[in-house]
Structures are given as C-alpha cells and as structure tokens.
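Reviewing the structure listed below.
2 protein chains.
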Amino acid sequence: MSKASDHAYAEIRSLILSGNAPPGSSLTEVGLAEICGVSRTPVREALRRLETELYVVRSESQRPFVADWNSDDIGEMFTLRAMLEAHAAARAATRITPETLATLRACNARIAAAVAMADPDVTTFLAENRQFHDIIISAASSPRLASILTALVEQPVVRRTAARYGRTELERSAHEHGELIQACAARDAEWARAVMTGHIRRAYHAFSAATPSLS
Amino acid sequence: MSKASDHAYAEIRSLILSGNAPPGSSLTEVGLAEICGVSRTPVREALRRLETELYVVRSESQRPFVADWNSDDIGEMFTLRAMLEAHAAARAATRITPETLATLRACNARIAAAVAMADPDVTTFLAENRQFHDIIISAASSPRLASILTALVEQPVVRRTAARYGRTELERSAHEHGELIQACAARDAEWARAVMTGHIRRAYHAFSAATPSLS
DNA sequence: CCCCAGATTATTGTATACAAATTATATCGG
DNA sequence: CCGATATAATTTGTATACAATAATCTGGGG
C-alpha cells in the first residue's frame with residue numbers, strides 16, 4: 017500500500033500495542049492525523065484496516081475505539097489460530113517444494129542458533145519464528161487462509177509468550193519446528209497438522225500462565 | 017456503515033457476482049463512481065472491503081481487478097467454512113440460550129414449510145437458511161469468528177448450490193438443521209460440530225456436481 | 001435536584017481538487 | 001519495420017472543504 021497510509025497504519029498500531037492508546041479509549045481521525053503528520057484520508061484507511069484486524073472497534077455511531085480484548089477473546093484467538101495454522105501446515109506438507117523446505121530448514125537453523133547462545137537472542141528468535149510460520153502459510157498456497165491468518169496472528173501476543181519462555185521452552189519450540197519439517201519432508205499432512213496444533217496450543221498455555229489476569 | 021459507501025459496496029459486489037464485471041477485468045475508481053452515482057471516496061472504501069473479502073485483487077501498482085477464483089479456491093473456501101462453521105456450532109451448543117434455541121426451531125420450521133410445498137419455495141429457503149446459520153454464528157459469541165465467516169460465506173455460491181437441490185436434498189438439509197438443534201439442546205459440542213461439518217461438506221459436493229467446470 | 005429541549009460543538013461521511021505514479025502512445029533513430 | 005525514449009493520458013494517493021450526524025453543554029421548568 018501507499019506511503020502515508022502505511023505510515024498511519026504502523027503508527028496507530030504501535031500506539032495501541034504500546035499501551036499509549038489504552039483499550040476502550042477513543043480514536044479520532046483528526047487527532048490521529050496530527051500525530052501521524054498526514055491528512056484524515058490515509059488515517060481512515062488505516063483505521064478500516066485495523067478494524068478488520070480487530071485492533072479497533074466502532075461504536076453504533078461509527079466512532080472508533082481501541083478494542084478491549086478479554087481472556088475469552090484471547091483464548092478464542094489461539095483456538096482459531098491453532099485450527100487454521102494446523103490446516104495450513106497440513107496443506108503445506110503436500111505442496112511444499114524441496115527449495116522451500118530447504119529455506120525452512122535454514123530458518124529453523126537460525127532459530128536453533130539464537131536459542132543455543134549463552135544468553136538466548138529472543139529478538140532473533142521472534143523474527144525467525146515469524147518467518148518460519150509465514151513460510152508455512154505461504155507454502156499452503158491459499159491466499160484466503162493467508163489473509164485470515166495475518167489478521168489473526170498478533171505479534172505482541174507472540175512476543176509476550178516468548179518473553180516468558182526459558183531456554184528449555186525455546187529449545188522445545190525449535191524442536192517442534194524440526195518435527196514439522198520432518199512431517200513436511202514425509203509429505204504427511206496429518207502429522208504436520210498434529211505438530212502445529214500442539215505447537216500453538218502449548219504457546220497458548222505458556223501465554224496463559226504468564227498472564228495472571230487470564231487466571 | 018454509511019449510505020454511499022454501503023451502496024457502492026453492494027453495487028460493485030453485484031457487478032462482480034452477476035458477471036457484468038467478469039473475473040480478471042479491471043475496476044477503475046472513477047468508472048465505478050459513475051456507475052454508483054457517488055464520488056471516489058466511498059468507492060475506495062468499498063473496494064478495500066471487497067479486497068479483504070477477496071472479491072477484488074490488486075496489481076503490483078495497486079490497480080484493482082475482479083478476482084478470478086479457480087476450483088481450488090472454491091474448494092478451499094468450503095473447507096475453511098466447514099471447519100470454522102463447525103467450530104461455531106460447537107461453541108454455540110454450549111452457549112445457546114433457551115430463547116435463541118426457540119428462535120432456531122421457529123426458523124427451521126419455516127424452512128421445513130418452504131420445502132414441504134408442492135413447488136418448493138427456494139427463495140424463502142435461502143433467506144431462512146441464511147438466518148439459521150447466522151443465528152448459530154451469533155450464538156457462538158465470538159466476534160472474531162463471526163467476522164471471518166461473513167467474509168467467507170458466499171451467498172451466490174449457496175444459491176447456486178440450493179438451486180440444484182431437489183426436494184429430497186432440501187428436506188435433508190432441513191433435517192440436518194433439526195439434528196443440529198438437537199445437538200444444541202443436548203449441549204453436545206462435538207455432535208454439533210460433526211453435524212455442521214457434514215452439512216457444509218455435503219453442500220460442497222452438491223455445488224461441485226452442479227458446476228461442471230469444477231470437474 | 002433532576003430532567004428535558006434547544007443550541008453548540010465535535011466527529012465522521014462525502015465530494016472535489018491536486019499530486020504522484022503508472023501505463024499507453026507517439027515520435028525518432030537505426 | 002522494430003525498438004527505445006520522451007511525452008501524454010490514465011489512474012491511484014493525498015489533502016482539504018463542506019455536509020450530515022451524533023455528542024455535549026446550557027438553561028429553564030418541574
């Protein structure tokens with residue numbers, strides 16, 4: 017998308033994720049336009065996009081507010097993500113090319129390296145982890161599934177989850193990725209589905225444990 | 017949403033679905049604005065919306081075109097819909113209120129009546145069928161799931177499917193709805209999931225059979 | 001003190017004008 | 001005749017002005 021519109025999207029998104037715009041707070045187009053240094057037009061586009069991704073909700077009278085997610089919402093998000101990303105893994109297993117599989121292996125090697133360090137490099141882990149999952153989704157070659165999942169995978173949630181992972185859990189994550197690669201190499205869709213389901217659901221419980229308010 | 021924007025959305029969508037704007041054809045903002053009798057601004061919003069719903073795709077240079085769905089896309093759409101709507105049914109089964117359940121029963125009674133006529137009333141069937149599914153989705157009380165599903169359920173596809181249903185199949189559809197109601201009344205999530213999965217997948221195969229190009 | 005009506009303000013929706021980028025076309029050289 | 005390049009036309013992106021609508025404030029009456 018275009019420059020101003022993209023910039024507004026990134027800016028508003030980070031306002032929300034950083035907590036500067038707390039859940040439930042109102043977002044006015046002119047205010048955001050001033051903050052972003054653009055006019056209302058690209059701000060409006062950004063708000064629509066954030067709305068489809070459920071970062072933003074609207075009142076009856078179409079006034080935008082920062083969405084307020086409760087624990088049910090987050091649990092449901094993980095459930096949907098597990099279901100859909102497992103489906104993506106199953107499709108990927110029978111469609112992935114040897115080249116992409118090699119890319120996947122390389123990616124997971126970087127993850128393993130980041131984890132093996134004396135002081136695990138969580139930043140690299142997160143970046144490579146995201147890429148790993150993106151490769152799987154792309155290998156599933158379903159634009160529809162991809163578009164649903166991008167709106168569903170909340171990087172801040174992933175970050176909060178990984179931040180609570182110890183070395184053991186990070187290693188286990190890398191190992192699960194490895195098993196997923198095996199499943200893909202074996203062209204075993206159901207194996208891939210099972211591994212991915214477990215991978216996401218384990219992340220969910222790690223997240224829940226790290227977030228007291230979810231009890 | 018607002019009037020002009022909604023109107024543009026409906027108009028463009030119907031252009032696409034009717035075939036007046038064939039798959040792959042280019043959509044220019046000014047052209048659509050003239051057709052809809054509104055300015056470019058609401059047309060742009062409508063196009064973004066249609067883009068997230070994958071009715072419209074954009075070229076590298078952001079020019080919009082009517083999306084071209086192949087049989088894989090449609091099959092994948094049914095698969096996702098089966099998975100997600102079955103999940104909605106499972107959630108609904110344990111959350112539905114007695115009042116909503118009564119509404120559901122009434123809705124299916126109207127479906128059964130439309131089907132039982134000498135000359136089955138397909139229009140009523142479609143309207144009530146849609147409402148039936150909407151009630152289930154709403155009873156699942158997951159705004160996220162609901163928003164994904166509305167973008168996924170293609171009414172024209174449903175229509176084409178139902179148009180090929182004979183009385184027996186229409187009756188079977190109503191019967192499956194009845195079984196879904198039973199599952200909800202019994203608060204049996206897995207039963208509800210299974211019934212809904214079968215319901216959608218049967219529709220898929222009816223659709224495939226009715227659409228030679230899908231082979 | 002509360003509540004309602006009207007006026008005022010704030011905010012979103014739409015139209016239009018202009019800027020930037022892309023695509024098509026025409027012209028020139030080989 | 002073909003190809004490259006410059007130019008013109010088309011199209012999207014952004015800014016701004018105005019219109020419509022919703023929220024808020026104010027004052028009076030009960």
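Residue numbers (my numbering), protein chains in the order written: chain Z, 17 to 231; chain E, 17 to 231. Glycine residues also receive a C-beta, built at the ideal position from the N, C-alpha and C atoms. As the structure is a prediction and not an experimental result, all values here were calculated from the model.
Locate the alpha helix (DSSP H) running through residue i, then write down its first and last residues.
{"i": "Z:L168", "result": "Per DSSP, Z:L168 belongs to no alpha helix (DSSP H) and is neither H nor E."}
{"i": "E:T227", "result": "Careful: E:T227 lies outside any alpha helix (DSSP H) and carries neither H nor E."}
{"i": "E:Y25", "result": "19-34"}
{"i": "E:D150", "result": "138-155"}
{"i": "Z:S189", "result": "183-201"}
Smallest Cα separation from residue i: which of the options?
{"i": "Z:L117", "options": "Z:A202, Z:D89, Z:A132", "result": "Z:A202"}
{"i": "Z:S18", "options": "E:R56, E:P39, E:E76", "result": "E:E76"}
{"i": "Z:A105", "options": "Z:G40, Z:A178, Z:A162", "result": "Z:A162"}
{"i": "E:D137", "options": "E:A178, E:H103, E:P159", "result": "E:A178"}
{"i": "E:E69", "options": "E:A226, E:D204, E:L165, E:W207", "result": "E:L165"}
{"i": "Z:F94", "options": "Z:R175, Z:A208, Z:L168, Z:R209", "result": "Z:L168"}
{"i": "Z:R146", "options": "Z:I112, Z:A205, Z:R126, Z:D89", "result": "Z:R126"}
{"i": "E:E204", "options": "E:E101, E:A37, E:R111, E:I32", "result": "The sequence given here has Asp at residue 204 of chain E, not Glu. The option with the nearest alpha carbon to E:D204 is E:R111."}
{"i": "E:S41", "options": "E:E170, E:A134, E:W85, E:R56", "result": "E:W85"}
{"i": "Z:T184", "options": "Z:T119, Z:E206, Z:D135", "result": "Z:D135"}
{"i": "E:V234", "options": "E:M133, E:C200, E:E206, E:T227", "result": "This structure does not reach residue 234 of chain E, given that chain E is present from 17 up to 231, and the question cannot be answered."}
{"i": "Z:E101", "options": "Z:S30, Z:S154, Z:D22, Z:P38", "result": "Z:S154"}
{"i": "Z:C200", "options": "Z:A128, Z:P159, Z:P114, Z:S158", "result": "Z:P114"}
{"i": "Z:P159", "options": "E:S158, E:E195, E:R175, E:E92", "result": "E:E92"}
{"i": "Z:R175", "options": "Z:A20, Z:A26, Z:S34", "result": "Z:S34"}
{"i": "E:I90", "options": "E:E170, E:D22, E:A143", "result": "E:E170"}
Which residues in the same chain have their Cβ closer than 8 Å to the Cβ of residue i, if we skip the five residues on either side of it in sequence?
{"i": "E:A98", "result": "M212, T213, I216, R217, Y220"}
{"i": "E:L63", "result": "I28, L43, E45, L48, V72, P80"}
{"i": "Z:R121", "result": "I197"}
{"i": "Z:L96", "result": "L168"}
{"i": "Z:F148", "result": "L120, C123, N124, I127, H193"}
Skipping 5 residues on each side, what residues in its chain have a beta carbon closer than 6 Å to that of residue i?
{"i": "Z:V131", "result": "L186, E187, A190"}
{"i": "E:A24", "result": "C52, V54, P58, V59, A62"}
{"i": "E:A156", "result": "A104, R107, A108"}
{"i": "E:E67", "result": "none"}
{"i": "Z:R74", "result": "P80"}
{"i": "Z:W207", "result": "A199"}
Tell me which residues share the same chain as residue i and place their Cβ nearer than 7 Å to its Cβ, disregarding the 5 neighbours each side in the sequence.
{"i": "Z:P32", "result": "According to the sequence provided, residue 32 of chain Z is Ile. The question's Pro does not apply to it. Counting only Cβ-Cβ distances below 7 Å, and skipping sequence neighbours, we find Y71, V82."}
{"i": "Z:R56", "result": "E45, V46, A49"}
{"i": "E:A222", "result": "T177, R180, Y181, E185"}
{"i": "Z:P38", "result": "V82"}
{"i": "Z:F141", "result": "I127, A130, V131, A178, L186"}
{"i": "E:I151", "result": "T116, T119, L120, C123"}
{"i": "E:V20", "result": "Val is not the amino acid found at residue 20 of chain E; the sequence shown has Ala there. Result list for E:A20: V54, P58, in chain order."}
{"i": "E:E195", "result": "V211"}
| field | Near-chain Z residues of the segment 85-100 of chain E - C-beta to any C-beta below 9 Å | value | Correct list: D88, D89, E92, M93, T95, L96, M99, L100.
| task | Would you list, in sequence order, the uninterrupted beta strand (DSSP E) runs of no fewer than 3 residues that lie entirely inside the segment 43-118 of chain E? | result | Secondary structure within the segment 43-118 of chain E: the beta strand (DSSP E) runs of 3 or more consecutive residues, fully enclosed, are 72-74, 80-82 (chain order).
| field | Residues of the segment 138-161 of chain E with Cβ closer than 8 Å to any Cβ of chain Z, in chain order | value | Going along the segment 138-161 of chain E in chain order, one finds S158, P159, R160, L161 with a Cβ nearer than 8 Å to chain Z.
| task | Using a Cβ-Cβ cut-off of less than 9 Å, give me the residues of the segment 25-43 of chain Z that come near chain E, in sequence order. | result | Nothing from the segment 25-43 of chain Z brings a Cβ to less than 9 Å from some Cβ of chain E.
| request: Mind checking the segment 106-118 of chain Z against chain E and listing, in chain order, the residues whose C-beta falls within less than 9 Å of any C-beta there? | output: For the segment 106-118 of chain Z, which is checked against every Cβ of chain E, the residues closer than 9 Å are R107.
| query | According to a CB-to-CB cut-off of less than 8 Å, which residues of the segment 205-226 of chain Z neighbour chain E? | reply | Those would be none; no residue qualifies.
| Short-range partners of chain E found in the segment 63-76 of chain Z, where Cβ spacing is below 7 Å | The residues in question are R64, T68, L70.
| said: If the cut-off is 9 Å on Cβ atoms, which residues from the segment 52-63 of chain Z count as contacting chain E, listed in chain order? | reply: Answer set for the segment 52-63 of chain Z: T57, R60, E61.
| Which of the residues in the segment 171-204 of chain Z, read from start to end, lie with their CB under 9 Å from any CB of chain E? | Answer in chain order: no residues at all.
| request: Return the residues of the segment 121-137 of chain E that lie within a Cβ-Cβ distance of less than 8 Å from chain Z, sorted by chain order. | output: So nothing in the stretch comes that close.
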